[in-house]
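> All you need for my numbering is the position in the sequence shown, starting with 1, plus 1212. Can you read through this structure? Questions will come right after.
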Amino acid sequence: MVGPSPARPAHRLRPAGFGQTPITVGKHYLQMQVGQRGGWLSGTSLATNTYAEGNPSQTNVLLRFGLTNKTEVQLGVARMGFSRTTLEPLPGANLIDWAAGNYFPADYSGRWNNFQLGLRHTLFDETQNKPFSLGLIGNYTHQASADYSRQNDLPGHVQLGILGAKSLSNKVSALGNIGINQPIGGVVNSPNIYYLVNFGFDLGKNLGTFFETRLDYLTSDGGGTVNTFDAGFAWKLTPNFQFDLFGGYVRTDMLIESAPRNNLLLFPDASREHYWFLAGGLSWKIKALPSKPQKAE
């Protein structure tokens, strides 16, 4: 593999977890990221007192190509899966009818139902004598299904976000994301607001650990919140090859507006989900196209 451009130091670990870094991959570099996630999900419809359990799974593939040292284009795809493992209902609850309603659809697998196209741009980088790094991201995801929930699919959503990062010391770094996800095709298409905070720690020997938290404040389809907590490790096997391993917990509280009855009212149905997961990922970077030699100053 070819080493990174001078603007992208080889020792810098790519932030692990769900956080998005403001630093792009560099001009004419191609970074390929592959991730696999699985876990256990328990959900309850509070309106109908129905209950179910299952094992969600997700495979993610993301390609990042640097158009310039500050701008990259992204192309991603995700394969969603879900396997029902309902054991016993809660006291007084009924097992969910998996084939009907908005909650917990029937088992499915092999659905490459998330396709993403986006841009990321670095406004400035702290390695170039700036106080911190700052960037912007925007993407469109087609046929989106929340990876932490078994709600029915939507046609898609648009994400717009601000990405920030800062080295607090030579061993500690902080990453922050804030933005909106605008659903398309729901009953109520108001923007959902999110923020994420990630702290990374360099353990030496190209090994790092991190923990992060994310909150999604849902204003669409009745509203709700999604709280995510996760932590893990990142190991840089070579300057351009990294392995991540992490796990965490997601709690989802939602109020879904069901279809109008008699064209008069929207009847809300509340749900609560608990999702424990374990995830792993690989990322590697290659020089896809040659760059013109820079003139000596």
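C-beta: ideal position from N, C-alpha, C; glycine also.
#1: Looking at the unbroken beta strand (DSSP E) that takes in HIS1240, where does it start and where does it end?
#2: Could you tell me whether the Cβ atoms of TYR1241 and ILE1498 are closer together than 9 Å?
#3: Suppose the cutoff is 6 Å on Cβ atoms and the five residues either side in sequence are ignored; what does the same chain contact list for GLN1286 look like?
#4: Straight-line CA distance for ALA1491 to GLY1250?
#5: Using alpha carbons as the reference points, say which of LEU1427, ASN1326 and LEU1258 lies closest to TYR1407.
#6: Under 8 Å by Cβ, that's how I've got ALA1446 and GLY1416 pegged, so tell me the actual separation to the nearest angstrom.
#7: Take LEU1430 and list the residues in its own chain whose beta-carbon comes closer than 6 Å to its own, dropping the five residues that flank it on each side.
#8: My output table needs one value for THR1236: the three-state DSSP class, helix, strand or coil.
#9: State the DSSP-derived secondary structure class of GLN1355, mapped to helix, strand or coil.
#10: Report the rounded CA-to-CA distance for ASN1267 versus ASP1456, giving the unit in angstroms.
#11: Exposed or buried, ALA1264, counting other C-beta atoms within 10 Å across all chains shown (16 or more means buried)?
#12: For VAL1384 and LEU1258, what's the separation of their Cα atoms in angstroms?
#13: Hey, ASN1325 and MET1292 are a contact pair by Cβ (cut 8 Å); roughly how many whole angstroms apart?
#14: Let me confirm a value: ALA1500 is counted as buried when at least 16 other C-beta atoms fall within 10 Å, else exposed. Which label applies?
#15: With 16 other CB atoms within 10 Å as the buried threshold, where does SER1576 fall?
#16: Answer yes or no: do GLN1166 and VAL1370 have a C-beta to C-beta separation smaller than 9 Å?
#17: Just how far apart, CA to CA, sit ASP1442 and VAL1462?
#18: Please report the distance separating the alpha-carbon of GLY1373 from that of SER1254.
#19: To the nearest angstrom, report how far apart THR1262 and HIS1486 are at their CA atoms.
#20: Do the CB positions of ASN1272 and GLY1238 come within less than 9 Å of each other?
#21: Using CA coordinates, which residue listed in GLY1460, THR1280, SER1432 and PHE1489 is at the minimum distance from LEU1467?
#22: Please confirm whether GLN1232 and ASN1452 have their CB atoms less than 9 Å apart.
#23: Is it true that the CB of SER1345 sits closer than 9 Å to the CB of PRO1510?
#24: Short of 7 Å in beta carbon distance, which residues of its chain neighbour GLY1460, apart from the five on each side in sequence? Order them along the chain.
#25: I need the DSSP call for THR1421, collapsed to helix, strand or coil.
#26: DSSP on TYR1315, reduced to helix/strand/coil?
#27: By DSSP's criteria, ASN1389 is part of a beta bridge. Which residues make up the other side?
By the coordinates alone:
#1: Looking at the DSSP string, HIS1240 is not in any beta strand (DSSP E), and its letter there is neither H nor E.
#2: By the CB criterion at 9 Å, TYR1241 and ILE1498 fall inside the cutoff.
#3: Closer than 6 Å at Cβ, skipping near neighbours: ARG1276 and GLY1330.
#4: Near 6 Å, if we compare the C-alpha coordinates of GLY1250 and ALA1491.
#5: Considering only alpha carbons, the answer is LEU1427.
#6: At roughly 13 Å, the Cβ-Cβ gap does not stay under 8 Å, so ALA1446 and GLY1416 are not in contact.
#7: Here LEU1430 has ASN1404 and GLY1436 as same chain residues with Cβ atoms under 6 Å from its own Cβ, once five neighbours each way along the sequence are excluded.
#8: Here THR1236 sits in coil by DSSP.
#9: Coil.
#10: Roughly 21 Å separates the two Cα atoms.
#11: Under the 10 Å beta carbon count, ALA1264 is surrounded by 16 or more other beta carbons and is classified as buried.
#12: Going from the Cα of VAL1384 to the Cα of LEU1258 covers about 42 Å.
#13: Going by Cβ atoms, the distance from ASN1325 to MET1292 rounds to 6 Å, so yes, they are a contact pair.
#14: By the Cβ-count criterion, ALA1500 is exposed, with fewer than 16 other Cβ atoms from all chains shown falling within 10 Å of its own Cβ.
#15: Examination of residue 1576 is not possible in this model, given that the chain is present from 1213 through 1509 alone.
#16: Since the first residue of the chain shown is 1213 and the last is 1509, residue 1166 is not available in this structure.
#17: One Cα belongs to ASP1442, the other to VAL1462, and the distance between them is close to 9 Å.
#18: Answer to the nearest angstrom: the Cα atoms are 30 Å apart.
#19: So the alpha carbons of these two residues sit roughly 15 Å apart.
#20: Their beta carbons are not under 9 Å apart, which means ASN1272 does not touch GLY1238 by this criterion.
#21: The residue with the shortest Cα to Cα distance from LEU1467 is SER1432.
#22: No; because the gap between Cβ atoms is not below 9 Å, this pair is not in contact.
#23: What the structure shows of the chain is the stretch from 1213 to 1509, and residue 1510 is not part of that stretch, so it cannot be assessed.
#24: If we look at GLY1460 and ignore the five residues flanking it on each side, its Cβ neighbours are THR1440, PHE1441, ASP1442, ALA1443 and PHE1489.
#25: Strand at THR1421.
#26: In this prediction, TYR1315 has a pLDDT of 46, which is less than 50 and means its spatial position is unreliable; nothing more can be read from the coordinates.
#27: Bridge partners of ASN1389: LEU1375 and LEU1408.
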